[in-house]
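The sequence shown begins at 103 in my numbering and counts up by one.
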Amino acid sequence: MFNTDEYELRMQGVTEHFQAELAKVRTGRAHPGMLDGIKVEAYGAEMPLNQVANVTAPEAQLLQITPFDPSNIQQIAAAIRNDQSLGLNPSDDGRVVRVPVPPLTEERRRQLVKQAAEKLEEARIALRNVRQDGLKEAKRKKEGKELSEDDVKLVEKEIDRLISESQAKLEEIFKAKEKDILTL
């Protein structure tokens, strides 16, 4: 018999990865997740920002970073300033780092939607690869006389159903993000 659970889990992983990638794409509002990819030089090692500071969004256009250890404040501000993909300019008062998030221009919004669409295409390709792997394994089992021709057709149908569900989920996530980016 053929078990599609492994492929379903891989499809779920593709969807979760896509969601995580889209979370990094900036919208017009400040949210703490914007800075998830930032690494800070602290205690002789590069550490994720959320391990050396608390990030909050007290206003729609402002992020506030409160370091657990105030001696890291300069490194935190420098790490944010040096991340070119965000284009943010932090300021610090010795206790907290404030990061004003400028509103997005129409052109920048379109670029971000395009960037999100590229990530959607990467996720679709990953789903197609999962499908191909599943179908290859089913055909291999057929050649090894573990599955009949009818079983292979059933497996193909089930994998295609799972792929369709996953693609619909990806599309839904993308549409929500697109709306979020384009909303002023």
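Even glycine gets a Cβ: it sits at the ideal position worked out from N, Cα and C.
Of the residues the options, the one placed nearest residue i, counting alpha carbons only
i           : options               : result
residue 225 : 116, 211, 196 and 107 : 116
residue 209 : 272, 129, 144 and 174 : 129
residue 197 : 186, 216, 110 and 172 : 172
residue 109 : 170, 234 and 227      : 234
residue 284 : 216, 227 and 265      : 216
residue 106 : 222, 259, 244 and 175 : 259
residue 178 : 147, 278, 268 and 247 : 147
Residue i, enclosing beta strand (DSSP E) - first and last residue
i           : result
residue 149 : 147-150
Enclosing alpha helix (DSSP H) for residue i [first to last residue]
i           : result
residue 163 : No alpha helix (DSSP H) holds residue 163; DSSP gives it neither H nor E.
residue 127 : That residue, residue 127, is in no alpha helix (DSSP H); it is neither H nor E in DSSP.
Residue i - partner residues in DSSP beta bridges
i           : result
residue 141 : 150
residue 174 : Residue 174 is not bridged to any residue.
residue 158 : 166
Quiz item: Just checking, does the segment 127-140 make contact with the segment 156-170 on the three C-beta pairs under 8 Å criterion?
Solution: yes
Quiz item: Should the segment 237-244 be called in touch with the segment 112-126, which here means at least 3 C-beta pairs below 8 Å?
Solution: no
Quiz item: Whole alpha helix (DSSP H) runs in the segment 181-262 with 4 or more residues, listed along the chain?
Solution: 208-245
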